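So the structure is just underneath, and the comments pick up after that.
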Amino acid sequence: MPKTDNMLAILWMLRSGKKVTAKEISEKLEMNIRTVYRYMDTISTSGVPIISEPGHNGGYTLLNNFMDAPLFFDSEEQTSLFHAAVFAKEAGYYGGEALDRAVTKLGNYSNPEQETTIHQHVASLEVISRVSSSPIEPFLKELQQAVVDGNSVNIWYRKSGEQQVKDRVMDPYKLLYWNHKWYVIGYCHLRSDMRSFRVDRIERLLLTENMFTQPEHFSARDYFTDSLLPTMEDTEEVISLDLKGDKNVLADICQHWFLGHYVKELTSTQAVFLLEKDILHTYVPYLLLPYNKSIQVIEPISLKEKLVDVLTELIDFHQV
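Right, dumping it as structure tokens:
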């Protein structure tokens, strides 16, 4: 551990308010006791008000006014940071060794009482995520740096269902995490338009010397949401979808990433959506099938007929 990190760890131990001996510091930080004495001298010389009491019951303490310095995190703040690190790792965040070092520092800067409390809170949380099919951490790190520096990138990208890899240059504006996947949003020079690219489909990435300026007030969230959801341009073609069923199932459907944007009304027994006719018959049947008999389509009749057609096709396909 670097010298500055060791000194911060010592300060964190002293912040407990209890008397700490050189031996306890030595054992906690796994260092020679003579090294502890050198660090204590350096810390004191830097102006930190350390009280040293010699003798059998001696040790080191900090003046109370220094213990309240804003540099330190309380137990609740530390727990939040630990939890954030757990979520970041499960999301495939590229922090890697840097994230591990940060978490280790938090642990080293805890007094015994905080350590026990934090461990209890951290042990109470587990996150299960889908395992990424490709190592994307290096790409995420390079893309993040490109976003910050304003460098265009050259990517070799394979679209879903296509064998051919396309070479294109893009200006990465933002990274976005959605539905267990990482995306980079930016301007595609090949298409001369905004595009989103799944990072796990990038096979090669190179930084270029070309610089770009990100549009002011650009929102990756707005762009991505708008590109996912079809717009209802012709209000005359809007149809009401009326579902009946279990209230918990209806509530779940209303929170669906797609259907949730078209909810008109929700009661304990009924949910009503407003959608365009083409959307209703193209997407919705496949979204409703997993709910089986827990819901029933009341209106429109055309959707009920479409569901029957889809099920018939599935039966014919899987017929032995």
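So the sequence shown is numbered by UniProt numbering: it starts at 1 and just counts up by one.
The C-beta atom is built at its ideal place from N, Cα and C for all residues, glycine as well.
Fair warning: this is a prediction, and the values are worked out from it, not measured in the lab.
For residue i, is the classification buried or exposed, using 16 other Cβ atoms within 10 angstroms of its Cβ as the cut-off for buried?
i                 : result
aspartate 171     : buried
isoleucine 118    : buried
isoleucine 43     : buried
valine 308        : exposed
glutamine 163     : exposed
arginine 191      : exposed
glutamine 78      : buried
tyrosine 183      : buried
alanine 69        : Since pLDDT at alanine 69 reaches only 46, below the 50 mark, its modelled position is unreliable, and the value read off the structure follows with that caveat. The residue is exposed, with fewer than 16 neighbouring Cβ atoms inside 10 Å.
threonine 312     : exposed
alanine 9         : buried
isoleucine 315    : exposed
serine 152        : buried
phenylalanine 273 : buried
leucine 289       : exposed
isoleucine 25     : buried
Do residue i and residue j have their CB atoms nearer than 8 Å?
i              : j                 : result
isoleucine 136 : aspartate 200     : yes
isoleucine 155 : isoleucine 185    : no
leucine 266    : leucine 250       : yes
serine 196     : phenylalanine 218 : no
methionine 211 : glycine 150       : yes
lysine 277     : isoleucine 253    : no
lysine 3       : methionine 13     : no
leucine 63     : alanine 146       : no
leucine 143    : leucine 175       : yes
arginine 204   : cysteine 188      : no
Could you give the C-beta distance for residue i and residue j, rounded to a whole number, given that I count them as a contact under 8 Å?
i                : j             : result
arginine 198     : lysine 181    : 6 Å
threonine 35     : isoleucine 51 : Not quite, the Cβ-Cβ distance comes to about 21 Å (not below 8 Å), so this is no contact.
tyrosine 173     : alanine 220   : 7 Å
valine 20        : glycine 58    : The pair is not a contact, with the Cβ atoms about 10 Å apart (cut-off 8 Å).
phenylalanine 82 : valine 122    : 5 Å
tyrosine 37      : methionine 7  : Wrong, their Cβ atoms sit about 13 Å apart, outside the cutoff.
Of all the options the options, which has the alpha carbon lying nearest to the alpha carbon of residue i?
i              : options                           : result
aspartate 226  : Glu24, Pro290, Ile315 and Phe258  : Phe258
glutamine 270  : Gln78, Glu24, Met31 and Asp242    : Asp242
threonine 104  : Ile50, Asn292, Val86 and Gly161   : Val86
leucine 140    : Ala102, Ser52, Ala91 and His281   : Ala91
isoleucine 298 : Leu314, Pro215, Asp252 and Gly245 : Gly245
tryptophan 178 : Leu228, Gln214 and Ala146         : Leu228
isoleucine 295 : Gly17, Asn248 and Leu11           : Asn248
proline 138    : Asp41, Asp316 and Glu97           : Glu97
lysine 23      : Ile33, Ser16 and Arg15            : Ile33
serine 16      : Glu115, Leu280, Val165 and Gln120 : Glu115
serine 124     : Ser80, Lys264 and Ala102          : Ser80
glutamate 237  : Lys264, Leu280 and Glu216         : Leu280
arginine 101   : Asp5, Pro54 and Lys18             : Asp5
lysine 18      : Gln214, Glu53, His318 and Ser302  : Glu53
glutamine 120  : Val148, Glu76 and Tyr93           : Glu76
Chain C beta carbons: is any one of them nearer than 8 Å to that of residue i?
i             : result
isoleucine 25 : No chain C is present in this structure, which holds just one protein chain.
On the three-pair Cβ rule with 8 Å, is the region 277 to 284 touching the region 297 to 307?
-> yes
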